[in-house]
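J.: One structure, as structure tokens, below. Some questions next.
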Amino acid sequence: MTAFVLKRLGFAVITLFAVLTIVFFIVRILPGDPAMAILGDQASQEALVALRSRLGLDQPLYIQYFQFLGGVVVGDWGVSMVSGRPVIQEILKVLPATLELTIVSLILGAVVGVPLGVWSAVRRNKLPDYITRMASLLGLSFPAFVSAVLLLLVFAIQLRWFPVISSGQGTTLGERLRDLALPAINLGLIMAAYITRVARSAMLEVLNQDYVRTAYAKGLAFATIIWRHCLRNAMIPVVTVVGLYLGILIGNSVLTEIVFNRPGLGKLIIGALNQRDYTMLQGMMVIYTLIVVLVNLLTDLTYGLIDPRIKYS
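This is the structure in structure tokens:
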């Protein structure tokens with residue numbers, strides 16, 4: 221098990237280094253001049269040159285690159301070119317709101333998607349199966365920002381069940397859940413659609429295995445066969461799609477936060493893009509990369525818990 225974990229950690233470090241390198245150069249080739257974005261079109265050439273020097277943009281690219289990697293390693297991600305505050309502080313101030321939305325959406329998607337996928341597989345080619353497949357296809361067809369607008373129009377503006385602006389600043393648990401409800405439902409239902417289809421396919425494959433027929437022949441209860449014997453062996457594809465989709469879920473959370481005017485990484489990254497804030501964009505990409513790499517590592521380790529044979533592969 222130790223060798224399995226160390227090997228996965230090695231892959232995670234290599235992946236992180238590669239992504240950080242790509243992020244650095246992509247940010248640098250974005251069109252626009254950060255100094256001009258900060259000072260405005262009417263700034264003098266002397267002021268622009270002075271600001272570029274202060275921000276380190278006049279140094280050779282390879283020096284900027286090694287300074288960037290060194291800062292990431294020691295936790296010094298620089299200061300925002302616009303606000304002048306440390307990037308890590310700006311990100312950590314809004315990161316909890318995005319993580320809260322992502323985790324609740326993930327739990328909602330799994331709680332809804334896994335049982336629906338199992339039910340659809342057990343009732344294959346019957347009315348519940350057709351309804352579930354159509355519903356999941358509908359969930360996959362809507363972009364996150366479109367479904368967010370529809371939820372906002374119906375449940376916030378027409379029915380007035382939820383607030384139009386999800387401030388995320390509620391003082392009680394009830395207020396926080398009410399603010400979180402629509403954004404989490406928007407992302408959770410989309411994820412539930414993915415999980416439902418994957419869980420259904422995995423369960424259909426497992427239900428045709430010999431050991432399942434043997435369990436039926438022994439007279440085991442139907443619920444025991446499905447939930448104890450079949451589901452565990454069908455969980456690896458489900459865990460895979462959850463791990464892969466989490467990165468997409470974080471990206472969709474950016475759009476959702478903007479639609480619902482919710483604090484989080486969404487507003488921060490849009491502002492950094494508009495103002496060509498290199499250091500803030502780099503910091504945001506570092507956070508996204510760390511989250512995705514960590515999730516993939518946890519997904520690999522979860523494989524070993526579900527199927528002990530993977531620990532030795």
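Residues 221 to 533, numbered by this note's numbering, are exactly what the sequence shown covers, in order. Backbone N, C-alpha and C define an ideal beta-carbon position, used for all residues, glycine too.
Which of helix, strand or coil does DSSP assign to P306?
T.: Along the sequence shown, one-based indexing puts residue 306 at 86. Strand.
J.: Could you tell me the distance, in whole angstroms, from the CA atom of P363 to the CA atom of L371?
T.: Your numbering for residue 363 matches position 143 in the sequence shown. Your numbering for residue 371 matches position 151 in the sequence shown. Cα to Cα, the separation comes out at about 13 Å.
J.: Of all the options T509, A401 and E425, which has the alpha carbon lying nearest to the alpha carbon of V342?
T.: Within the sequence shown, the letter at position 122 stands for residue 342. Selected option, being the one with the closest Cα: E425.
J.: May I have a chain-ordered list of the alpha helix (DSSP H) segments no shorter than 4 residues that lie completely inside the region 460-510?
T.: Runs found: 485-494.
J.: How about Y465 and Y508: do their beta carbons lie closer than 7 Å?
T.: Numbered from 1 along the sequence shown, position 245 holds the residue referred to as residue 465. Numbered from 1 along the sequence shown, position 288 holds the residue referred to as residue 508. Result no, Cβ atoms of Y465 and Y508 do not sit closer than 7 Å.
J.: Decide yes or no for the touch test of the region 417-424 against the region 472-486: beta carbon pairs closer than 8 Å, at least 3 of them.
T.: Too few Cβ pairs lie closer than 8 Å, so no.
J.: Decide yes or no for the touch test of the region 432-439 against the region 343-359: beta carbon pairs closer than 8 Å, at least 3 of them.
T.: No: fewer than three Cβ pairs fall under 8 Å.
J.: Between I311, L493, G463 and W381, which has its C-alpha nearest G295's C-alpha?
T.: To locate residue 295, count along the sequence shown from 1; it is residue 75. Nearest of I311, L493, G463 and W381 to G295, Cα basis: I311.
J.: For Y532 and V459, I'd like the C-alpha separation in whole angstroms.
T.: Position 312 of the sequence shown, counted from the start, is the residue given in the question as residue 532. Position 239 of the sequence shown, counted from the start, is the residue given in the question as residue 459. Only weak support exists for where Y532 lies, its pLDDT of 47 falling under 50; the value from the coordinates is given anyway. Rounded to the nearest angstrom, the two C-alpha atoms are 19 Å apart.
J.: Locate the alpha helix (DSSP H) running through D278, then write down its first and last residues.
T.: In the sequence shown, residue 278 corresponds to position 58, counting from 1. It is not in any alpha helix (DSSP H) - D278 carries neither H nor E in the DSSP assignment.
J.: Can you tell me where the alpha helix (DSSP H) with P403 in it begins and where it stops?
T.: Working through the sequence shown from its first residue, we reach residue 403 at position 183. Counting along the chain, the alpha helix (DSSP H) containing P403 begins and ends at L393 to L427.
J.: Please state whether the Cβ-Cβ distance between T499 and V293 is less than 7 Å.
T.: One-based indexing of the sequence shown puts residue 499 at position 279. One-based indexing of the sequence shown puts residue 293 at position 73. The answer is no: Cβ separation not under 7 Å.
J.: Could you check what DSSP says for V384 in three-state terms: helix, strand or coil?
T.: Here residue 384 is taken as the residue at index 164 of the sequence shown, counted from 1. Correct three-state label for V384: coil.
J.: What residues in its chain sit with their C-beta under 7 Å from that of G298, if we drop five residues either side in the sequence?
T.: Taking the first residue of the sequence shown as position 1, residue 298 is located at position 78. G291, V307 and T499.
J.: I need the boundaries of the alpha helix (DSSP H) containing P348, first residue and last residue.
T.: Translated into the one-based positions of the sequence shown, residue 348 becomes position 128. Per DSSP, P348 belongs to the alpha helix (DSSP H) from L347 to S361.
J.: Whole angstroms are fine: how far does the CA of G230 sit from the CA of K241?
T.: Start at 1 with the first residue of the sequence shown, and residue 241 comes out as number 21. Start at 1 with the first residue of the sequence shown, and residue 230 comes out as number 10. One detail in the question is off: residue 241 reads as Thr in this sequence, not Lys. Roughly 17 Å separates the two Cα atoms.
J.: Which residues in the same chain have their Cβ closer than 7 Å to the Cβ of F382, if we skip the five residues on either side of it in sequence?
T.: Numbered from 1 along the sequence shown, position 162 holds the residue referred to as residue 382. The answer, listed in chain order, is F375, A376, R398, A401 and L402.
J.: Please state whether the Cβ-Cβ distance between A223 and V513 is less than 7 Å.
T.: Here the question's residue 223 lines up with position 3 in the sequence shown. Here the question's residue 513 lines up with position 293 in the sequence shown. For A223 and V513, no; Cβs fall outside 7 Å.
J.: By the three-class DSSP mapping on this structure, what secondary structure does Y532 have?
T.: Residue numbering aside, residue 532 sits at position 312 when the sequence shown is read from its first letter. Low confidence applies here, because Y532 scores a pLDDT of 47, under 50, leaving its location unreliable and the question unanswered by this model.
J.: Could you tell me the alpha carbon to alpha carbon distance between V239 and S356, rounded to whole angstroms?
T.: Start at 1 with the first residue of the sequence shown, and residue 239 comes out as number 19. Start at 1 with the first residue of the sequence shown, and residue 356 comes out as number 136. Between V239 and S356, the C-alpha separation is close to 32 Å.
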